[in-house]
Amino acid sequence: MLALLGFCCIAGLLFLIMTKRTSVIVALVITPIVFGILAGFTPKLGEFALKGITGVAPTAVMLTFAILYFGIMYDAGMFDPIIRKIIRFGGGDPVKIVIGTALVGMVAHLDGSGASTFMIAVPAMLPIYNMIGIDKKILACVVALAAGTMNMVPWGGPTARAASSLKVNIEDIFNPLIPALVVGLLGVLAISYWLGKKEKARLQAAGVRFDLQGADLVAQSNAESPADQFKRPKLLWFNILLTALAIYMLVSRALPLAVVFLIALPIALIVNYPNPKMQQERIIAQGKTAILMIAVILSAGIFTGILTNSGMLKAMAEAIVAIVPIGWGDHFPILTAITSMPASLLFDPDSYYFGVLPVLASASEAMGVPAIEVARAAILGQMTTGFPVSPLTASTFLLIGLSGVDLGEHQKFTIPFAFAITILMTIVAVATGAFRL
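Residues are numbered in the numbering used here as their position in the sequence shown, beginning at 1, plus a constant of 1437.
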């Protein structure tokens, strides 16, 4: 009975989120409460919810300050010179332009936001693509691959959701996948090189001449934004060093994960914006994204807290174990990894990480495979490489809108490459021991 109620709870969550009957936050809170009452746990629901919130609190703190920190860095212009130089590097050579597009996408996605990445990378590169005649599907594809692969960063949505859903430390999920992420990014550059070479051959066959000087001028005029009161070019190297130090502390675990950006943000604000009023303005300007993400994470804590402490999750896992053939348990991580990117076309991130992943992880653990291995496998594709092609994410439509590419054309062109990157990272993850084969 408990397993049945648990599966109904998951189904109810997926239904509410995917049909957009309620907001994600409402669905995550109301669904487990309703089924918790039906299961007879009414007096203990508050206790279960509080335990769940306590479990995700460190992740919520980290996300709050990381989102605010990288927003401040964008305001201060830390990424402007980097992006400008990458664009100039492209000149008029289609191969360099496409590789430069990938690099711009990677740098722009350091804040973990797909929307801001697309608003930075596509307008910066589109005039050059139009001038030379490079296929805009390549622009949309390469930016999508760069942003999707980079979306594995600890402060990105999928990794944070996976950690919150399973109540594990983000660094325990992310750090073992660093080699896979690095190889994945190299894979994006390799695909960009291949696409650039192919496009250059096509344009040369059509008699197109590559105007290096003209393309460089377009790049410069497009990349240089008007000076405004928030830019801090004289503090560029300070901001770069502070960011590098924060990321080092994050990866090396020299400080608790929740503390790294909690310390880095005030330092960044004091140095870049000594005026308290301006500090407040910058926090308010970046706060919308942070508040929404934190609300989702805390709501997810309530959802998983009730499902876990009521015993529903354990009962569902036992039900799955009873029907899964003996010996399949070891293959849960690899199966999760292979299906993770296509799953982005079926499940939005909240449905997958808060609805599907806990059940997969619990069943896997019941068969002797650590749940965290399933979490690592999931973030190799589910709303990482998969998010910029998914019709379930608004940023996908922003990408194709800015690029001027039809959704069907974008998916047909990009999905094979996105799936290839996921498979490449999966191979590396298995080879480096992030999860078992």
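Here a beta-carbon is modelled for each residue, glycine too, at the ideal position from N, C-alpha and C.
Beta-carbon contacts of residue i that lie in its chain and below 7 Å, excluding the five residues immediately before and after
i	result
Val1708	Leu1672, Phe1675
Ile1628	Leu1582, Phe1854
Asp1767	Val1806, Arg1873
Residue i burial status per 10 Å Cβ neighbour count (16 or more: buried)
i	result
Phe1834	exposed
Ile1721	exposed
Leu1777	Residue 1777 is actually Ser in this sequence, not Leu. So Ser1777 ends up on the buried side.
Gly1838	exposed
Val1541	buried
Ser1781	buried
Ala1664	Per-residue confidence for Ala1664 stands at a pLDDT of 42, beneath the threshold of 50, marking its modelled position as unreliable; the derived number appears in the next sentence. By the 10 Å Cβ count, Ala1664 comes out exposed.
Gln1723	buried
Gly1644	exposed
Pro1531	buried
Leu1475	exposed
Glu1636	buried
Asp1787	buried
Ile1760	exposed
Asn1712	exposed
Lys1714	exposed
Met1730	buried
Gly1443	buried
Leu1678	exposed
Residue nearest to residue i in terms of C-alpha spacing, selected from the options
i	options	result
Thr1821	Val1466, Val1590, Ile1809, Gly1477	Val1590
Gly1473	Leu1782, Cys1445, Val1796	Cys1445
Pro1770	Lys1522, Pro1795, Ser1736	Pro1795
Ile1447	Ile1743, Gly1492, Ala1683	Ile1743
Pro1495	Ser1460, Val1605, Val1461	Val1605
Phe1516	Pro1693, Val1463, Lys1668	Lys1668
Ser1827	Thr1680, His1847, Leu1797, Ala1774	His1847
Cys1578	Gln1666, Leu1603, Gly1633, Arg1525	Gly1633
Thr1851	Glu1802, Gly1443, Gly1585	Gly1585
Thr1554	Tyr1511, Leu1874, Ala1752, Gly1489	Tyr1511
Ile1704	Ser1689, Leu1729, Leu1682	Leu1682
Gly1551	Met1804, Gly1841, Thr1830	Thr1830
Val1471	Ile1490, Phe1824, Leu1450, Pro1693	Leu1450
Asp1843	Pro1469, Ile1575, Arg1458	Ile1575
Ala1800	Gly1845, Gly1841, Ala1752, Ala1774	Ala1752
Lys1849	Pro1825, Ile1775, Thr1468, Ala1803	Pro1825
Extent of the continuous alpha helix (DSSP H) to which residue i belongs
i	result
Pro1853	1844-1868
Thr1456	It is not in any alpha helix (DSSP H) - Thr1456 carries neither H nor E in the DSSP assignment.
Ala1494	1482-1512
Arg1598	1594-1603
Lys1635	1615-1642
Ser1777	1769-1780
Phe1611	1607-1611
Close beta carbons around residue i, own chain, < 6 Å, minus the five adjacent residues each side
i	result
Thr1859	Met1778, Leu1817, Gly1818, Thr1822
Leu1618	Met1589
Met1587	Met1543, His1546
Gln1657	For Gln1657, the predicted structure reports a pLDDT of 47, less than 50, and the residue's modelled location is therefore unreliable. The matter cannot be settled from this model.
Val1493	Ser1601, Ile1734, Gly1738
Ala1732	Ile1462
Ser1662	Only weak support is given to the placement of Ser1662: the predicted model assigns it a pLDDT of 48, under 50, and the value that follows is read from those uncertain coordinates. Closer than 6 Å at Cβ, skipping near neighbours: no residue.
Leu1933	Not covered by the structure: residue 1933. The range shown for the chain is 1438 to 1874.
Phe1611	Pro1591, Thr1596
Ile1509	Ala1705, Arg1719
Ala1695	Pro1495, Val1498, Met1499
Cut-off 8 Å between Cβ atoms - residues of its own chain near residue i, not counting five sequence neighbours on either side
i	result
Val1655	Summary for Val1655: the model assigns pLDDT 47, below 50, so the residue's position carries little reliability, and this model does not support an answer.
Val1614	At residue 1614 the sequence reads Leu, which differs from the Val that was named. Once the five neighbours on either side are set aside, the close Cβ partners of Leu1614 are Met1589, Arg1813, Ile1816, Leu1817, Met1862, Ala1866, Ala1871.
Ala1857	Gly1624, Ile1628
Gly1593	Gly1549, Met1587, Thr1821
Please list the segments of the alpha helix (DSSP H) lying wholly inside the region 1793-1834, counting only runs of 4 or more residues, in order along the chain.
Counting only runs of 4 or more, we get 1794-1803, 1808-1815.
Please give the ranges of any alpha helix (DSSP H) in the region 1524-1580, keeping only runs that are unbroken, at least 4 residues long and fully inside the region.
Segments of the alpha helix (DSSP H) lying fully in the region 1524-1580: 1531-1545, 1551-1569.
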